[in-house]
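Shown next, in structure tokens, is the structure this report addresses.
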Amino acid sequence: MKEVINVLKKDRVLRTILHIDINIPYFDGDVNAYLYSSIISQQLSTKAADAIYNRFLNHFDGSSPTPETILNTDKDTLRVLGLSKAKTNYIQNVAAYFLEKNTDEAFWLQKTNDEIIKELTQIKGVGVWTVQMVLIFCLARKDVFPILDLGVRNSMIDLYKVEGDKKTINHKLNTIADGYRPYRTIASLYLWAWRNIGNKK
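The sequence shown maps to residues 1 to 201 in the UniProt record's numbering.
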């Protein structure tokens, strides 16, 4: 972590928030299960998402179901658990993908970030932001910059006083984030932490 801090503190703005505690994600590799959780959580508060996901897990004896189990589960049953019609379809799309593909840990380890984004966004209902969260929190990739994430975007806009139209802002944010390489993920964790905790003190 010392090497990471030495790189990130070169940025005069970011160095001011490096005192905030963060949790570094560890490699999980169960992308299938993570996608179920991520889809369920979309556009919901943390409390509501946790309640539905726990209901989802409890229905399947407390663990994430296999693709076969999901595909053999009636859609109405998933709807009763609290999933919308769209999320029910998306989860079954994910299950169909993982039933077809041989995606063990080695499959993900041998692919680049861009290759994984291209691979998983083929699934209807899985977008770039969702895959970036997979890369960060499930596969523990250290150099991901989730520019589509509102928390990261708003933190950078506030901290760096970024102004302009969307295209201009995106260019400026990407340029700033280039200075975080090869630890853009870790920088993003600090930006999230500042948004959620640090700037409220």
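Ideal Cβ placement from N, Cα and C applies to all residues, glycine included.
As the structure is a computational prediction, the values presented were derived from the model and not from experiment.
Roughly how far, in whole angstroms, is the beta-carbon of Val126 from the beta-carbon of Leu35, given that I think they are within contact range, below 8 Å?
7 Å
Alpha-carbon spacing of Glu105 relative to Gly29, whole angstroms:
5 Å
Segment limits, alpha helix (DSSP H) that includes Pro67:
Pro67 to Leu71
Extract the residue ranges of the alpha helix (DSSP H) inside the UniProt domain "HhH-GPD" (40-196), only unbroken runs of 4 or more that lie entirely within it.
46-59, 67-71, 75-80, 85-100, 105-109, 113-120, 128-133, 150-160, 166-178 and 184-196
According to DSSP, is Lys2 helix, strand or coil?
Note: Lys2 maps to helix in three-state DSSP.
Apart from the five residues on each side of it in sequence, which residues of its chain come closer than 6 Å, Cβ to Cβ, to Lys172?
Val162
Pull up the CB-CB distance for Leu18 and Ile5, whole angstroms please, since I reckon it's below 8 Å.
6 Å
Does the stretch 51-63 come within contact of the stretch 109-124, defined as at least 3 CB pairs closer than 8 Å?
no
Can you tell me which of the three DSSP states Ile20 falls into?
coil
For Thr168, is the classification buried or exposed, using 16 other Cβ atoms within 10 angstroms of its Cβ as the cut-off for buried?
Exposure of Thr168 is indicated by the presence of fewer than 16 other C-beta atoms within 10 angstroms of its C-beta.
Tell me the DSSP secondary structure of Arg12 in three-state form.
coil
CA-to-CA distance, Ile197 to Arg184, given in whole angstroms
20 Å
Evaluate Val94 with the Cβ neighbour count: other Cβ atoms within 10 Å of its Cβ, from every protein chain shown; 16 or more gives buried, anything less gives exposed.
buried
Under a Cβ-count criterion, where at least 16 other Cβ atoms within 10 Å of its own Cβ denotes burial, should Lys9 be classed as buried or exposed?
Label assigned to Lys9: exposed.
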